[in-house]
Amino acid sequence: MQITRSSIATAKGPADWFTGDVYIDAVAAAPPPSRVRANLVHFMPGARTHWHRHPLGQTVFVTEGVGLCQRRGGPIEVIRPGDRVLFEADEEHWHGAAPDRLMVHLAINEADDQHDVVHWLAPVTDAEYAAAPPTSA
Numbered sequence: 011m012q013i014t015r016s017s018i019a020t021a022k023g024p025a026d027w028f029t030g031d032v033y034i035d036a037v038a039a040a041p042p043p044s045r046v047r048a049n050l051v052h053f054m055p056g057a058r059t060h061w062h063r064h065p066l067g068q069t070v071f072v073t074e075g076v077g078l079c080q081r082r083g084g085p086i087e088v089i090r091p092g093d094r095v096l097f098e099a100d101e102e103h104w105h106g107a108a109p110d111r112l113m114v115h116l117a118i119n120e121a122d123d124q125h126d127v128v129h130w131l132a133p134v135t136d137a138e139y140a141a142a143p144p145t146s147a
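Numbering follows this note's numbering, with no gaps: position 5 of the sequence shown is 15.
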């Protein structure tokens, strides 16, 4: 067993990956041969990822708030605490907060043989984001 006291500050999500205010806390990045990475990602209302894909897929587990996610060509889905979303390998997708709610999720990824975890694509447009269903329930 190893306990690591975090000395890594919360990072602001870069504008070439996200639209809006997003904050990232590294949770897991075990040394090789492990290739698993996990981050706790905080999306402020209206914030979202750009379109992206993961060579070996991604799982997000919603811990707080109300969010949205979409795979390329599919409907926008509302996600809530306790929901687990699996994005298949190389499936283009985005995820983020609802327009009027924050959303926090744990993002779990695995690096491929070339150490790639994610490939970032174009931003989700305001028109694409505005197509979301109502989040009240």
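Quick reminder that beta carbons are idealized off the backbone N, C-alpha and C, glycines included.
Best match in the options for proximity to residue i [C-alpha to C-alpha]
{"i": "ARG15", "options": "LYS22, VAL37, GLY30", "result": "VAL37"}
{"i": "THR124", "options": "SER17, LEU66, ALA25", "result": "According to the sequence provided, residue 124 is Gln. The question's Thr does not apply to it. The option with the nearest alpha carbon to GLN124 is LEU66."}
{"i": "THR59", "options": "GLU74, GLN12, ASP136, ARG90", "result": "ASP136"}
{"i": "ALA21", "options": "ALA39, GLN80, VAL51, THR29", "result": "VAL51"}
{"i": "PHE97", "options": "ALA19, MET11, PHE71", "result": "PHE71"}
{"i": "ARG90", "options": "LEU116, VAL46, GLY83, HIS62", "result": "LEU116"}
{"i": "THR29", "options": "ILE118, ASP35, GLU138", "result": "GLU138"}
{"i": "ILE148", "options": "GLY83, ASN49, MET11, ARG81", "result": "Examination of residue 148 is not possible in this model, given that the chain is present from 11 through 147 alone."}
{"i": "GLU74", "options": "ARG82, GLN68, HIS64, MET54", "result": "MET54"}
{"i": "ARG111", "options": "GLY23, ALA25, THR145", "result": "THR145"}
{"i": "MET113", "options": "ALA25, ASP31, HIS64", "result": "ASP31"}
Distance, residue j Cα to residue i Cα
{"i": "SER44", "j": "ALA108", "result": "33 Å"}
{"i": "PRO41", "j": "ALA121", "result": "12 Å"}
{"i": "ALA99", "j": "PRO133", "result": "20 Å"}
{"i": "GLY56", "j": "GLU87", "result": "15 Å"}
{"i": "ASP93", "j": "ALA140", "result": "22 Å"}
{"i": "ARG47", "j": "ILE34", "result": "12 Å"}
{"i": "THR69", "j": "ALA39", "result": "15 Å"}
{"i": "ARG81", "j": "ASN119", "result": "17 Å"}
Identified DSSP bridge partners for residue i
{"i": "TYR33", "result": "LYS22, HIS52"}
{"i": "GLU138", "result": "Note: GLU138 sits in no beta bridge, so no partner."}
{"i": "ILE118", "result": "ALA48, THR69"}
Own chain partners of residue i with C-beta closer than 8 Å, once the 5 adjacent residues on each side are dropped
{"i": "HIS62", "result": "TRP27, GLU102, HIS103, TRP104, VAL128, HIS129, TRP130, LEU131"}
{"i": "ALA142", "result": "LEU78, ILE86, VAL88, ALA108, PRO109"}
Own chain residues within Cβ distance below 6 Å of residue i, not counting five before or after
{"i": "MET11", "result": "none"}
Cutoff 7 Å; reference residue i; Cβ partners in own chain excluding five residues on either side
{"i": "VAL76", "result": "VAL88, ARG90, ALA108, ARG111, MET113, THR145"}
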